[in-house]
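Peer 1: Quick note: the sequence shown uses full-length UniProt numbering, first residue 1, plus one each step. Ideal Cβ placement from N, Cα and C applies to all residues, glycine included.
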Amino acid sequence: MADFLKRNRETELMDDLSLDETRLNAVLLDIDRANRLLNGNNLTIKAVEALISEHPKESYTILDMGCGNGSMLRSVVLWARKRKISIACMGVDLNGKSLALAREQSRDFPEIIYLQQDILALRPDELPCDILLCTLTMHHFKDEEIPRFLDQFSKLGRIGFIINDLQRSVWAYYLFKLFSTIFIRTDIAKQDGLTSIKSGFVKGELEAFAEKLPQMRHSIEQKWAFRYLWLAQH
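The structure is reproduced here in structure tokens:
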């Protein structure tokens, strides 16, 4: 029986940098499929829309931390194109293989550039952005690491940041087991999906992290399909 009282500290299989590009691509496509079917990316896009509405400008710079194959940024660009909103996007990831896939799949998206970079090593003036996104990435961090990342997010995002991540729940765990038998093709994505849920959050944990950034306004909401959407703005 999985333990949901505390966050899991296991490393996910896809975090292994030796995983070859073909297998990594298959896993990322599985994650994209799950996000599409469960409407996960749309939560982030609606939050982007809310921030843009509150902070009108001629153009916006959006940074996606832990961008993977760039799926989230491509969705944001398509949304912005339809509304004739001028944006420039940057995807940051430590995994060079993920970034190679992102560049290949984003050839028709000149609005996006990709950088292999440790975001903690950046100075705020090196890669400033208006809005920073972190989608299904924070659960990869250990509790003691998260405050450092959040502090960096607050410094990099001039308007704010948006975190879209998983709720830790026994219901989420067993419903994903069922979902994955039908919609997930790779064994790695099936196993990592369960590990991710055990590494997810309960609302009180996110609220405690938010208290470490008193200079920002925070909204943390539980959403469909066992997600939390955290919107923080200056």
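1. Put MET14 into one of helix, strand or coil per three-state DSSP.
2. Just the C-alpha distance for GLU144 and ARG9, rounded to the nearest angstrom, thanks.
3. Nearest by alpha-carbon distance to LYS212: which of ARG148, THR135 and VAL170 is it?
4. If you draw a straight line from the C-alpha of LYS142 to the C-alpha of ASP108, how long is it?
5. Can you tell me the Cβ-Cβ gap for TYR228 and PHE201, rounded? I've got them flagged as a contact below 8 Å.
6. Would you kindly check if the distance between the Cβ of LEU24 and the Cβ of ILE159 is under 7 Å?
7. Specify the secondary structure class of LYS177 as computed by DSSP and reduced to three states.
8. Residue range of the beta strand (DSSP E) that PHE161 falls in?
9. Less than 7 Å separating the beta-carbons of ILE119 and GLY157?
10. Could you check how far apart the C-beta atoms of GLY66 and CYS129 are, in whole angstroms? I think they sit under 8 Å.
11. Taking one C-beta from the stretch 32-44 and one from the stretch 176-189 each time, how about it: are there three or more such pairs within less than 8 Å?
12. Rounded to the nearest angstrom, how far is the Cβ of SER106 from that of ARG74, given a contact under 8 Å?
13. Assuming HIS139 and LEU166 make a contact with CB atoms under 8 Å, what is their CB distance in whole Å?
14. If the criterion is Cβ atoms closer than 7 Å, does the pair ALA225 and PHE161 meet it?
15. Take GLU207 and list the residues in its own chain whose beta-carbon comes closer than 7 Å to its own, dropping the five residues that flank it on each side.
16. Return the first residue and the last residue of the alpha helix (DSSP H) that SER98 is part of.
17. Taking the alpha carbon of TYR173 as the reference point, which residue from ALA189, GLY193, HIS218 and ILE146 has its own alpha carbon closest?
18. Which of the three DSSP states, helix, strand or coil, is assigned to TRP230?
19. Rounded to whole angstroms, what's the CA-CA distance from ILE112 to CYS89? Just pull it up for me.
Peer 2: Quick answer:
1. What you label residue 14 is simply residue 14 of the sequence shown in a count that begins at 1. It is helical.
2. Here the question's residue 144 lines up with position 144 in the sequence shown. Here the question's residue 9 lines up with position 9 in the sequence shown. So the alpha carbons of these two residues sit roughly 11 Å apart.
3. Within the sequence shown, numbered from 1, the residue matching residue 212 stands at position 212. Between LYS212 and the set ARG148, THR135 and VAL170, the nearest pair of CA atoms involves ARG148.
4. As a first step, residue 142 is located in the sequence shown; it is residue number 142 there, counting from the start. As a first step, residue 108 is located in the sequence shown; it is residue number 108 there, counting from the start. Answer to the nearest angstrom: the Cα atoms are 36 Å apart.
5. On the sequence shown, position 228 is the one that residue 228 refers to. On the sequence shown, position 201 is the one that residue 201 refers to. The pair is a contact, with the Cβ atoms about 6 Å apart (cut-off 8 Å).
6. Taking the first residue of the sequence shown as position 1, residue 159 is located at position 159. Taking the first residue of the sequence shown as position 1, residue 24 is located at position 24. No. Outside cutoff.
7. The sequence position of residue 177 within the sequence shown is 177, counting from 1. Three-state result, LYS177: helix.
8. For this step, residue 161 is matched to residue 161 along the sequence shown. Counting along the chain, the beta strand (DSSP E) containing PHE161 begins and ends at 157-166.
9. Numbered from 1 along the sequence shown, position 119 holds the residue referred to as residue 119. Numbered from 1 along the sequence shown, position 157 holds the residue referred to as residue 157. No, these two residues do not count as a Cβ contact at 7 Å.
10. Here residue 66 refers to the residue found at position 66 of the sequence shown. Here residue 129 refers to the residue found at position 129 of the sequence shown. Cβ-Cβ separation between GLY66 and CYS129: approximately 14 Å, too far for a contact (criterion under 8 Å).
11. yes
12. On the sequence shown, residue 106 is found 106 positions in, with the first residue counted as 1. On the sequence shown, residue 74 is found 74 positions in, with the first residue counted as 1. So it is a contact: roughly 6 Å between Cβ atoms.
13. Here residue 139 refers to the residue found at position 139 of the sequence shown. Here residue 166 refers to the residue found at position 166 of the sequence shown. Confirmed, Cβ separation roughly 6 Å.
14. In the sequence shown, counting from the first residue as 1, residue 225 sits at position 225. In the sequence shown, counting from the first residue as 1, residue 161 sits at position 161. Their beta carbons are not under 7 Å apart, which means ALA225 does not touch PHE161 by this criterion.
15. The residue labelled residue 207 in the question sits at position 207 within the sequence shown. Closer than 7 Å at Cβ, skipping near neighbours: ILE220.
16. The sequence position of residue 98 within the sequence shown is 98, counting from 1. Element bounds for SER98: 96-105.
17. The residue you call residue 173 lines up with position 173 of the sequence shown. Looking at the Cα atoms, GLY193 is the closest of the given residues.
18. The residue you call residue 230 lines up with position 230 of the sequence shown. Here TRP230 sits in strand by DSSP.
19. Working through the sequence shown from its first residue, we reach residue 112 at position 112. Working through the sequence shown from its first residue, we reach residue 89 at position 89. The alpha-carbon atoms of ILE112 and CYS89 are separated by roughly 5 Å.
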